[in-house]
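J.: Protein chains in written order, with UniProt numbering: chain L, 1 to 295; chain R, 1 to 362. Before I ask anything, let me first share the structure, which is written out below as structure tokens.
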Amino acid sequence: MIAKQQNQKAWFMVLPVFLLVAFSAVIPLMTVVNYSVQDTFGNNQFFWAGVDWFRNLVHSERFHSAFLRQLLFSGIILAIEIPLGILIALSMPRRGWGVPVCLITMALPLLIPWNVVGTIWQIFGRVDIGLLGYSLTALGIDYNYTQDPLAAWFTVVIMDIWHWTSLVVLLCYAGLCSIPDAYYQAARIDGASRLAIFRYIQLPKMQRVLLIAFLLRFMDSFMIYTEPFVITGGGPGNSTTFLSIDLVKLAVGQFDLGPAAAMSLIYFLVILLLCYVFYTVMSNIGMESTNHGGS
Amino acid sequence: MATITLNDIAHCYSGPSDDPDDYALKQLNLAWRDGGAYALLGPSGCGKTTLLNIISGLLIPTKGRVLFNEQDVTSRPTEQRNIAQIFQFPVIYDTMTVFENLAFPLKNRGRSKKEIDPRVIELARMLDLEDNLHTKACHLTADAKQKISLGRGLIRQSVNAILFDEPLTVIDPQLKWQLRAQLKSLHKQFGFTMIYVTHDQTEALTFADEVVVMYEGEVVQVGTPEALFERPEHTFVGYFIGSPGMNIVPCAVDGDRLRLNGHEIRLGQRYPAPPPGARVELGIRPEYLRLQPPDRDGLSVAIVRVDNVGRHQVARVALGEQLFNVVAADLSGLTGDRASLVIDPARANVYVNDQLYRGATS
Chain L
1 MIAKQQNQKA
11 WFMVLPVFLL
21 VAFSAVIPLM
31 TVVNYSVQDT
41 FGNNQFFWAG
51 VDWFRNLVHS
61 ERFHSAFLRQ
71 LLFSGIILAI
81 EIPLGILIAL
91 SMPRRGWGVP
101 VCLITMALPL
111 LIPWNVVGTI
121 WQIFGRVDIG
131 LLGYSLTALG
141 IDYNYTQDPL
151 AAWFTVVIMD
161 IWHWTSLVVL
171 LCYAGLCSIP
181 DAYYQAARID
191 GASRLAIFRY
201 IQLPKMQRVL
211 LIAFLLRFMD
221 SFMIYTEPFV
231 ITGGGPGNST
241 TFLSIDLVKL
251 AVGQFDLGPA
261 AAMSLIYFLV
271 ILLLCYVFYT
281 VMSNIGMEST
291 NHGGS
Chain R
1 MATITLNDIA
11 HCYSGPSDDP
21 DDYALKQLNL
31 AWRDGGAYAL
41 LGPSGCGKTT
51 LLNIISGLLI
61 PTKGRVLFNE
71 QDVTSRPTEQ
81 RNIAQIFQFP
91 VIYDTMTVFE
101 NLAFPLKNRG
111 RSKKEIDPRV
121 IELARMLDLE
131 DNLHTKACHL
141 TADAKQKISL
151 GRGLIRQSVN
161 AILFDEPLTV
171 IDPQLKWQLR
181 AQLKSLHKQF
191 GFTMIYVTHD
201 QTEALTFADE
211 VVVMYEGEVV
221 QVGTPEALFE
231 RPEHTFVGYF
241 IGSPGMNIVP
251 CAVDGDRLRL
261 NGHEIRLGQR
271 YPAPPPGARV
281 ELGIRPEYLR
291 LQPPDRDGLS
301 VAIVRVDNVG
311 RHQVARVALG
321 EQLFNVVAAD
331 LSGLTGDRAS
341 LVIDPARANV
351 YVNDQLYRGA
361 TS
């Protein structure tokens, strides 16, 4: 073995990136970490609090219920948007004038700013002037999202589906379009049924885009703030107070910087952990090798 | 197994049209013998794949009929034609193992496990895939994947024909030979009709009993590899087959005399006078031209360039304005930039308006 001469000067090349990341991510995050372990009574005087805030938060009823609501919301969103997105993508035309029409229609909701989406649905669902609220009430259905938690949930969920299913559709559509015709032709020659084509060709070929769609939708829905804030403000009661709304209430409303910082960190770690788990699980689906013989 | 007959087939992708230029496939009649090995040869875009898809039923022809054993199958869908097709890129079902891939066509047709299992194992042995039977198909190399595609065709006994659409495009050159040899022996063993689309003449000529040469949506010649080499029916065939292709140069024909750039050569045949205004050309393979030192008999030519092509040499020579390629084993005997060109009259073909012009032996 020849001992290679080590030249460590190249590390200087990463210095700009290091600085950029430090100022854009690490230092702001550290401020949060700093707050999370201290307490203050104002006047810029801080006391060491250790992990007290974390301990309080983990045992707090309020955090638990917000967390469960958040999980439930993301779960419902994913369970509806992913299959619905696949279904719509499958039924979209592959050629002809229908393609641009469908694509533009699909892209429209994605172009609308969050708070505008919230406002649209806030008005749409109103019992006195909103088309949805008024029609439902006229049909004799008891619908009022400002008073009934179920109606509030219904509105927020439907709004999210309206806003974001398109993203899943577009990703799936891109995945479907990238499947060469030969696969469909081979499937016809092999006598495969429509279901078998979906199960053995389309779904495996869409796996990568579905993973991205799933992660994007999970992260976005887990951090949802603007739309429910505009529509229900977290109410009625706390029924639509998701984690981010709760966090803002804690930090800005009550000005409890320590608990809010601790909550931010836990919130962040939960998202990171869940994304990692989803990514690992989903990219391994169908990829396990059952190799008994040769290579 | 079946004889496949194409009756007045024509296809236009944009629907029936009065303009013959719209047709990707112009009117053609072909018959494929049961158990034959055929190659469809032609440049990209000449309609080979269109023709193949018409046979397999992936396309319904605009005009004409497809017959399997005298039975009209023109409007029958692919799955009812009992045809196998292998595509340019290996098509495998990623999430399935090799075993499941091979069993898939039988499973779709509702066969029992008892019937499927031994058949898959037997076929895997023939294709050298038995070591990988329980590996996910997506982990295999391109040639193994292509064997799986082939296997999915062979698994159904008594397929009417197996169609290959440039199946060796993505395979490494060394493996190409191996796969081609395997394919040939499988063909002998099973006796299926095989139609092989390619733009590679070596592949077509080594593979097929009969080669169908296509050009711009038309069949220009159907024949054995020898016939295509010796007597191309169309200048395109002469030019397309052979490396380098046939020399095709303008000339004039008068009885059994050929006039070329002021020189006169005696041909082996006597030709009737070509129609006035027609384009008359001489076609001669570079292999049937000989170069001699300039002081010997022959047409005096200038040597433009000599290339080494593997075991032989290709000389490019100029007779006035006309350029010829000459293939020879060794041209080192020639010094200087001039030589005498000798044309073998028995091998010379005359073309009138690109079609082979036939004469009578004098």
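All residues carry an ideal CB built from backbone N, CA and C; glycine is no exception.
Tell me which same chain residues have a C-beta within less than 8 Å of the C-beta of residue 112(L), skipping the five on either side of it?
T.: Sequence index remark: in the first sequence, residue 112(L) carries index 112 (1-based). Taken in chain order, the residues that qualify are 120 and 163.
J.: Using the C-alpha atoms, what's the distance from residue 18(L) back to residue 12(L)?
T.: Here residue 12(L) corresponds to residue number 12 of the first sequence, with the count starting at 1. Here residue 18(L) corresponds to residue number 18 of the first sequence, with the count starting at 1. Rounded to whole angstroms, residue 12(L) to residue 18(L) spans 10 Å at the Cα level.
J.: Got a sec, what are the start and stop residues for the beta strand (DSSP E) residue 7(R) sits in?
T.: By 1-based counting over the second sequence, the position of residue 7(R) is 7. 4-11 is the span of the beta strand (DSSP E), which, as asked, contains residue 7(R).
J.: Determine the contact status of residue 271(R) and residue 255(R), defining contact as a CB-CB distance below 8 Å.
T.: Along the second sequence, read from residue 1 onward, the residue named residue 271(R) stands at position 271. Along the second sequence, read from residue 1 onward, the residue named residue 255(R) stands at position 255. Yes, these two residues count as a Cβ contact at 8 Å.
J.: Near residue 42(R), what residues of its chain come up, given a Cβ to Cβ distance below 8 Å and the 5 sequence neighbours on each side ignored?
T.: Counting from one through the second sequence, the residue named residue 42(R) turns up at place 42. The answer, listed in chain order, is 48, 199, 213, 214, 215 and 240.
J.: Tell me whether residue 16(L) is buried or exposed, calling it buried when 16 or more other Cβ atoms sit within 10 Å of its Cβ.
T.: Within the first sequence, numbered from 1, the residue matching residue 16(L) stands at position 16. Answer is exposed; the Cβ neighbour count stays below 16.
J.: What does the alpha-carbon distance come out to for the pair residue 144(R) and residue 129(R)?
T.: Residue numbering aside, residue 144(R) sits at position 144 when the second sequence is read from its first letter. Residue numbering aside, residue 129(R) sits at position 129 when the second sequence is read from its first letter. So the alpha carbons of these two residues sit roughly 8 Å apart.
J.: If you drop the 5 nearest sequence neighbours on each side, which residues of the same chain put their C-beta closer than 7 Å to that of residue 130(L)?
T.: Counted from its first residue, the first sequence places residue 130(L) at position 130. Excluding residues within five positions, the ones whose Cβ falls inside 7 Å are 123 and 124.
J.: Could you give the residue range of the alpha helix (DSSP H) that holds residue 181(L)?
T.: Looking up residue 181(L) in the first sequence gives position 181. Looking at the DSSP string, the run of the alpha helix (DSSP H) that includes residue 181(L) is 181-189.
J.: When you compare the CB positions of residue 6(R) and residue 66(R), do they come within less than 8 Å of one another, or not?
T.: Here the question's residue 6(R) lines up with position 6 in the second sequence. Here the question's residue 66(R) lines up with position 66 in the second sequence. Taking 8 Å as the cut-off, the beta carbon of residue 6(R) is found closer than this to the beta carbon of residue 66(R).
J.: Is residue 227(L) near residue 159(L), with beta carbons less than 8 Å apart?
T.: Numbered from 1 along the first sequence, position 227 holds the residue referred to as residue 227(L). Numbered from 1 along the first sequence, position 159 holds the residue referred to as residue 159(L). Yes, the Cβ-Cβ distance between residue 227(L) and residue 159(L) is below 8 Å.
J.: Relative to chain L, which residues along the stretch 102-124 of chain R have a C-beta separation below 8 Å, given in chain order?
T.: 104, 105, 108 and 109
J.: Let's see if you can read the secondary structure: which residues bound the alpha helix (DSSP H) around residue 206(R)?
T.: The residue given as residue 206(R) occupies position 206 in the second sequence. First-last of the alpha helix (DSSP H) with residue 206(R): 201-207.
J.: Quick check on residue 296(L): buried or exposed, where buried means 16 or more other Cβ atoms within 10 Å of its Cβ?
T.: The question about residue 296(L) has no answer here: the residues shown for chain L are numbered 1 through 295.
J.: Going by C-alpha distance, which of 20(R), 107(R), 33(R) and 98(R) is nearest residue 134(R)?
T.: Numbered from its first residue, the second sequence carries residue 134(R) at position 134. For residue 134(R), the nearest C-alpha among the options comes from 98(R).
J.: Since residue 260(R) sits in a beta bridge, which residues does DSSP pair it with?
T.: The count along the second sequence starts at 1 and reaches residue 260(R) at position 260. Its beta-bridge partners are 263(R).
J.: What residues from chain L crowd round residue 169(R), counting only those whose CB sits closer than 9 Å?
T.: Reading the second sequence from its first residue, position 169 is the one you call residue 169(R). Per Cβ cutoff of 9 Å: no residues; residue 169(R) is ~12 Å from chain L at best.
J.: Is residue 96(R) close to chain L? Criterion is C-beta to C-beta, closer than 8 Å.
T.: In the second sequence, residue 96(R) corresponds to position 96, counting from 1. It does; some Cβ of chain L falls within 8 Å.
J.: What in chain L is Cβ-close to residue 304(R), meaning under 9 Å?
T.: Reading the second sequence from its first residue, position 304 is the one you call residue 304(R). Under the 9 Å cutoff, chain L gives no residues; its nearest Cβ is about 45 Å from residue 304(R).
J.: Should residue 267(L) go down as buried or exposed, given a rule of 16 or more other Cβ atoms within 10 Å for buried?
T.: On the first sequence, residue 267(L) is found 267 positions in, with the first residue counted as 1. Under this definition residue 267(L) is a buried residue.
J.: Name the residues in the stretch 60-86 of chain R whose C-beta lies less than 7 Å from a C-beta of chain L; which are they?
T.: 78, 79, 83, 84 and 85
J.: Find the residues of chain L that neighbour residue 89(R), judging by a C-beta separation of less than 8 Å, and give them in chain order.
T.: Along the second sequence, one-based indexing puts residue 89(R) at 89. Neighbours of residue 89(R) on chain L, chain order: 180 and 182.
J.: Decide if the stretch 288-301 of chain R is in contact with the stretch 328-346 of chain R; the criterion is three or more beta carbon pairs, one per stretch, under 8 Å apart.
T.: yes
J.: Along the chain, where does the beta strand (DSSP E) that runs through residue 302(R) open and close?
T.: Counting from one through the second sequence, the residue named residue 302(R) turns up at place 302. In the DSSP assignment, residue 302(R) falls within the beta strand (DSSP E) that extends over 299-309.
J.: Can you grab the Cα-Cα spacing for the pair residue 79(R) / residue 75(L), in whole Å?
T.: Here the question's residue 79(R) lines up with position 79 in the second sequence. Here the question's residue 75(L) lines up with position 75 in the first sequence. Going by the C-alpha atoms only, they are around 41 Å apart.
J.: Quick check on the burial criterion: 16 or more other C-beta atoms within 10 angstroms. Buried or exposed for residue 330(R)?
T.: Your numbering for residue 330(R) matches position 330 in the second sequence. By the 10 Å Cβ count, residue 330(R) comes out exposed.
J.: Could you list which residues in chain R have their beta carbon closer than 7 Å to that of residue 200(L), in chain order?
T.: By one-based count along the first sequence, residue 200(L) stands at place 200. Result: 93, 95 and 96.
J.: Quick check: what's the CA-CA separation for residue 349(R) versus residue 195(R)?
T.: Reading the second sequence from its first residue, position 349 is the one you call residue 349(R). Reading the second sequence from its first residue, position 195 is the one you call residue 195(R). Roughly 29 Å separates the two Cα atoms.
J.: Could you check where the beta strand (DSSP E) with residue 46(L) kicks off and where it finishes?
T.: Start at 1 with the first residue of the first sequence, and residue 46(L) comes out as number 46. Counting along the chain, the beta strand (DSSP E) containing residue 46(L) begins and ends at 46-48.
J.: Could you work out which residues of chain R lie near residue 95(L), taking near to mean beta carbons separated by less than 9 Å?
T.: Counting from one through the first sequence, the residue named residue 95(L) turns up at place 95. Within 9 Å Cβ-Cβ: nothing; residue 95(L) doesn't reach chain R, min ~12 Å.
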